[in-house]
Amino acid sequence: MMHMTLYLSVLRVSGLAFNPGFLPGSYEALLYLCLPMVLVETAFLGTLGTTPGKAMLGVSVRDYRGGRLSFPTAFRRSLFVMVLGLGCFAPSLMLLALFFSWWWVRRFGFTPWDRKLGTTDVLNGPLTPRKVVMTLALVILCLQLIYVLLIPWLPEMEAYAAASGQM
Numbered sequence: 003m004m005h006m007t008l009y010l011s012v013l014r015v016s017g018l019a020f021n022p023g024f025l026p027g028s029y030e031a032l033l034y035l036c037l038p039m040v041l042v043e044t045a046f047l048g049t050l051g052t053t054p055g056k057a058m059l060g061v062s063v064r065d066y067r068g069g070r071l072s073f074p075t076a077f078r079r080s081l082f083v084m085v086l087g088l089g090c091f092a093p094s095l096m097l098l099a100l101f102f103s104w105w106w107v108r109r110f111g112f113t114p115w116d117r118k119l120g121t122t123d124v125l126n127g128p129l130t131p132r133k134v135v136m137t138l139a140l141v142i143l144c145l146q147l148i149y150v151l152l153i154p155w156l157p158e159m160e161a162y163a164a165a166s167g168q169m
């Protein structure tokens with residue numbers, strides 16, 4: 003959510019007109035949205051051992067020895083999360099990827115990318131109601147900001163959806 007808010011903010015501040023290539027699920031969005039997200043997550047995991055969202059909940063990502071991830075491992079993990087966990091934000095793939103990840107964790111107790119790479123999420127402290135409420139408040143704030151950032155593009159988005167038969 004934070005990355006999507008930042009992504010849309012950069013597009014709006016740049017003064018760009020609506021382009022279907024900006025939408026998740028387009029080939030262009032792989033370059034504009036997914037690759038930068040993978041690189042930002044890699045930087046956070048490689049330097050801090052966590053991402054802002056994980057840090058709010060008191061979670062960090064560690065290797066099998068308990069240390070921070072190396073940059074190559076952090077990059078591979080971020081790619082796995084983007085493809086297997088988020089389906090590169092493609093609407094049809096995203097639901098399938100989220101369901102697959104949920105099913106895998108319920109069945110085996112860990113994510114497929116953590117199994118492949120020998121990494122794990124570590125809860126550094128108890129998950130308090132305050133952490134959950136603050137995280138939910140940030141998600142709601144990001145959703146509101148995303149909506150505000152999309153308002154100027156809504157007519158073009160609706161016209162695009164109607165023309166492409168998605169309505």
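Position in the sequence shown (from 1) plus 2 gives the number in the working numbering. Each residue gets a CB set at the ideal place from its N, CA and C atoms; glycine is no exception. No experiment lies behind these values; they were computed from the predicted model shown.
Residue pairing for L125: DSSP places it in a beta bridge opposite V61. For T7, the enclosing alpha helix (DSSP H) begins and ends at M4 to V15. About 6 Å separates the CB atoms of W115 and V83; that is less than 8 Å, so the two are in contact.
Put simply, the backbone Cα of L119 is about 44 Å away from that of A161.
For the pair A45 and P38, the Cα-to-Cα distance works out to about 10 Å. When rounded, the separation of the alpha-carbon atoms in V85 and S103 is 11 Å. Taking a C-beta distance under 9 Å as the contact criterion, T52 and I148 do not qualify as a contact pair. Put simply, the backbone Cα of S28 is about 13 Å away from that of S166. The Cβ-Cβ distance between C36 and F91 falls below 9 Å. By the Cβ-count criterion, V15 is exposed, with fewer than 16 other Cβ atoms from all chains shown falling within 10 Å of its own Cβ. Taking 4 residues as the shortest admissible run, the region 94-166 contains the following complete alpha helix (DSSP H) segments, listed from N- to C-terminal end: 114-119, 131-152 and 156-165.
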